[in-house]
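Heads up, the thing below is written out as structure tokens.
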Amino acid sequence: MKFKGNVWKYGDNVDTDVIIPGKYLRSTDFNVFGQHAMEGIDPAFRPNKGDIIVAGENFGCGSSREQAPLAIKYAGIDCVIAKSFARIFFRNAINVGLPIVEADVFDAVAKGDIIEVDLDQGYVTANGARYVSTRLPDFLQEILYAGGLVAYRRSKR
Numbered sequence: 001m002k003f004k005g006n007v008w009k010y011g012d013n014v015d016t017d018v019i020i021p022g023k024y025l026r027s028t029d030f031n032v033f034g035q036h037a038m039e040g041i042d043p044a045f046r047p048n049k050g051d052i053i054v055a056g057e058n059f060g061c062g063s064s065r066e067q068a069p070l071a072i073k074y075a076g077i078d079c080v081i082a083k084s085f086a087r088i089f090f091r092n093a094i095n096v097g098l099p100i101v102e103a104d105v106f107d108a109v110a111k112g113d114i115i116e117v118d119l120d121q122g123y124v125t126a127n128g129a130r131y132v133s134t135r136l137p138d139f140l141q142e143i144l145y146a147g148g149l150v151a152y153r154r155s156k157r
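First residue of the sequence shown? That's 1 in full-length UniProt numbering, and the numbers climb one at a time after it.
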């Protein structure tokens, strides 16, 4: 899986309450989540399909709301790169089919830069430099390739 897109950059400890504010959690329309993604931290967040979020440490901390990775996915973000992820966000992202990568590229990029991710090989390319990223285990990559855990389980029937 490869991705290439414009960077949206956020710092450390971006919690799920700012990724998707609580007032939208009653909706069952995932597109509503996407329309309000990152609203709590960046009201100007309007990504193009294929853009990539780059963040610092502990991305997705806070409550364990599954709507947070759904909001990012339905906003059009193809991948999130962070120095580290909160454990529950990490698994929720995989479960909903949102590719995530741990890599230390935060200081190497600015908002709007072009960044590339090769999930299979485990690297990120930014501003002409290549950075090693964590390579997800094969079973997690299978879930992502299927589009999330539900789609993966359906494919195994």
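Idealized CB from N, CA, C, for every residue including glycine.
Small disclaimer: the values here were computed from a predicted structure and weren't measured.
From which residue to which residue does the alpha helix (DSSP H) around K73 run?
-> Numbered from its first residue, the sequence shown carries residue 73 at position 73. Per DSSP, K73 belongs to the alpha helix (DSSP H) from 67-74.
Member of K83, F45, N48 whose CA lies at the smallest distance from the CA of F59 | Position 59 of the sequence shown holds residue 59. When each option's Cα is compared against that of F59, the closest is K83.
Return yes when the Cβ of N6 is within less than 8 Å of the Cβ of G112, no when it is not.
-> Reading the sequence shown from its first residue, position 112 is the one you call residue 112. Reading the sequence shown from its first residue, position 6 is the one you call residue 6. Contact flag set, yes.
Separation of D15 from S63, as counted between CA atoms = Counting from 1 along the sequence shown, the entry for residue 63 is found at position 63. Counting from 1 along the sequence shown, the entry for residue 15 is found at position 15. About 8 Å.
Secondary structure at N95, three-state DSSP: helix, strand or coil?
-> Position 95 of the sequence shown, counted from the start, is the residue given in the question as residue 95. For N95, the secondary structure class from DSSP, reduced to helix, strand or coil, is helix.
Collapsed DSSP secondary structure at N13 in the structure displayed | Here residue 13 corresponds to residue number 13 of the sequence shown, with the count starting at 1. It is coil, neither helix nor strand.
Could you tell me which of Q141, D107, L98 sits nearest to Y131, measuring between CA atoms?
-> Here residue 131 is taken as the residue at index 131 of the sequence shown, counted from 1. It is D107 whose Cα lies nearest to the Cα of Y131.
Rounded to whole angstroms, how far is the Cβ of L25 from the Cβ of I94, which I believe are closer than 8 Å?
-> Sequence index remark: in the sequence shown, residue 25 carries index 25 (1-based). Sequence index remark: in the sequence shown, residue 94 carries index 94 (1-based). In fact, because the Cβ distance is near 21 Å, the residues do not count as touching under 8 Å.
Anticipated Cβ contact below 8 Å, A68 with F89, distance rounded | As a working note, residue 68 is residue 68 in the sequence shown. As a working note, residue 89 is residue 89 in the sequence shown. At roughly 6 Å, the Cβ-Cβ gap stays under 8 Å, so A68 and F89 are in contact.
List the whole-angstrom C-beta distance separating V101 from I81, where the pair is believed to meet the contact cut-off of C-beta under 8 Å.
-> Taking the first residue of the sequence shown as 1, we reach residue 101 at position 101. Taking the first residue of the sequence shown as 1, we reach residue 81 at position 81. Contact flag correct, Cβ pair sits at about 5 Å.
Of the residues V109, F30, A103, which one's Cα is nearest the Cα of G122?
-> Here residue 122 is taken as the residue at index 122 of the sequence shown, counted from 1. Among V109, F30, A103, the Cα nearest to that of G122 is on A103.
Endpoints, the alpha helix (DSSP H) within which V32 is located = Within the sequence shown, the letter at position 32 stands for residue 32. Counting along the chain, the alpha helix (DSSP H) containing V32 begins and ends at 30-35.
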